[in-house]
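What follows is a short report on a single structure.
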Amino acid sequence: MSWIRNCCHWLFGSDHKKKQLDSIVLPEASSENMDQDAPEKLLKGLDSHKTQKGDFPEEDEWNYGIKDEESEWKELFHPGKHQSPINIDSGSIINASNILKENFYPLEFHYSPHIKKGKFNSKTLHIKGDFGGLSLKSPNNKEPRKFNVAQFHFHSPAEHLINGNRHDLELHIVHKEKEHSNLLVIGILFKNDGKRNAFIDTVMESTEHKTEIDLYQIIEKDMGLYYYEGSLTTPPLFETVLWFVSSRVNSLSADQLDFFARRWLKNPEFVGGKGNYREAQPLNDRSIVYFN
């Protein structure tokens, strides 16, 4: 459990509540030139376990927004070629149904409400607690892998790009595998369209006092997901993360966005008002698979 505590430090079955679904569904796309063994290559991360050893830096040992941020991070933490975040280009996405020839959805959610208080550190707003977890299923009919929620936190503006466009806010729900050091992160995007978001209201309330938080307010059990293998988006940049970015862009009101942005993006004292995000990294030899 010390690993989880360190991670949270530096990284900064129940009834479903009514979800905020006033949002935009992004287009699906598929790839035409796929190898005969494409499923094994593209979905190998669903079955494989990666480990990466190293120390987690203290919160004050790295920063956003410095002029040579990437070169400094590379010098200190030696990232590989499968880094996150990325630009999700709808023109190069591979539809899972095209490679599996059948409907398959990889995640089974087992979240539960939990009463917690949100906390700001010098990098983000993070909340950790016993929110349950999820099962990661394999198309090869292997035993599902179990991941528990370690914490969730926010980036403003968003880190993942969609067709080169950056949205206003991104939520990362970080899960840790029970028996390994692998992480699974669900990324949820938000756009300021003037409509209030019930989940964000709950998060805002939790910074004032302990509040019941239910991830099912923002998670749909059959939501569209972009899957790829990547890394932590902050030091030490370990490449042990299975990423699932929701294709749905959720609503957000102006004052809800300002709750986050005034601390990072609009705050000149926070690395010159740059925001707490990392630039998109090269996709290199990876593929993005779309599940729905």
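Residue numbers are given in our numbering: position 245 of the sequence shown equals residue 1640, and the series is strictly consecutive. Every residue gets a Cβ at the ideal spot worked out from N, C-alpha and C, and that includes glycine. Model, not experiment: these values are computed from the prediction.
Mapping DSSP to helix, strand and coil, what is K1496? Looking up residue 1496 in the sequence shown gives position 101. K1496: coil per DSSP, three-state reduction.
Please state whether the Cβ-Cβ distance between F1639 and I1583 is less than 7 Å. Against the sequence shown, residue 1639 aligns to sequence position 244. Against the sequence shown, residue 1583 aligns to sequence position 188. No, the Cβ-Cβ distance between F1639 and I1583 is not below 7 Å.
Which residues DSSP lists as bridging W1369, in chain order: Residue 1369 lies beyond the stretch modelled for the chain, which goes from 1396 to 1687, so this question has no answer here.
So L1529 packs on H1567, CB below 8 Å; how close in whole Å? Along the sequence shown, read from residue 1 onward, the residue named residue 1529 stands at position 134. Along the sequence shown, read from residue 1 onward, the residue named residue 1567 stands at position 172. Actually they do not touch by this definition, with Cβ atoms about 14 Å apart.
Would you mind working out which of N1592, E1572, G1625, V1544 sits nearest A1649, comparing C-alpha positions? Reading the sequence shown from its first residue, position 254 is the one you call residue 1649. Comparing Cα-Cα distances from A1649 to each of N1592, E1572, G1625, V1544, the minimum goes to N1592.
What is the residue span of the alpha helix (DSSP H) that V1598 lies within? Locating residue 1598 in the sequence shown gives position 203, where the first residue counts as 1. Taken as a continuous stretch (DSSP letters only), the alpha helix (DSSP H) holding V1598 covers 1593-1601.
Would you list, in sequence order, the uninterrupted beta strand (DSSP E) runs of no fewer than 3 residues that lie entirely inside the stretch 1562-1634? 1564-1572, 1578-1587, 1606-1608, 1620-1625
Provide the residue span of the alpha helix (DSSP H) that contains A1545, from first to last. Locating residue 1545 in the sequence shown gives position 150, counting from the first residue. Element bounds for A1545: not the alpha helix (DSSP H) but the beta strand (DSSP E), 1540-1550.
Which residues in the same chain as F1542 place their Cβ atom closer than 6 Å to its Cβ, once the five residues preceding and following it in sequence are excluded? Here the question's residue 1542 lines up with position 147 in the sequence shown. Around F1542: G1528, L1529, H1570, E1572, L1579.
Are the CB atoms of F1499 and P1534 nearer to each other than 7 Å? For the purposes of this step, residue 1499 is identified with residue 104 of the sequence shown, where counting begins at 1. For the purposes of this step, residue 1534 is identified with residue 139 of the sequence shown, where counting begins at 1. Yes, the Cβ-Cβ distance between F1499 and P1534 is below 7 Å.
Which residues share a DSSP beta bridge with G1440? Translated into the one-based positions of the sequence shown, residue 1440 becomes position 45. In DSSP, G1440 forms no bridge with anything.
Quick one: grab the DSSP three-state call for W1638. For the purposes of this step, residue 1638 is taken as the residue at position 243 of the sequence shown. Correct three-state label for W1638: strand.
So, with DSSP's three-state summary, where would you put F1654? Taking the sequence shown and counting its residues from 1, the one referred to as residue 1654 is at position 259. The answer is helix: DSSP assigns F1654 an H, G or I state.
If the criterion is Cβ atoms closer than 7 Å, does the pair I1522 and Y1621 meet it? The residue labelled residue 1522 in the question sits at position 127 within the sequence shown. The residue labelled residue 1621 in the question sits at position 226 within the sequence shown. For I1522 and Y1621, no; Cβs fall outside 7 Å.
Assuming G1527 is part of the beta strand (DSSP E), what are its boundary residues? Indexing the sequence shown from 1 puts residue 1527 at position 132. That run of the beta strand (DSSP E) goes 1527-1531.
Note down, in chain order, each residue of its chain lying with its Cβ closer than 7 Å to the Cβ of N1558, except the 5 sequence neighbours on either side. On the sequence shown, position 163 is the one that residue 1558 refers to. D1484, S1485.
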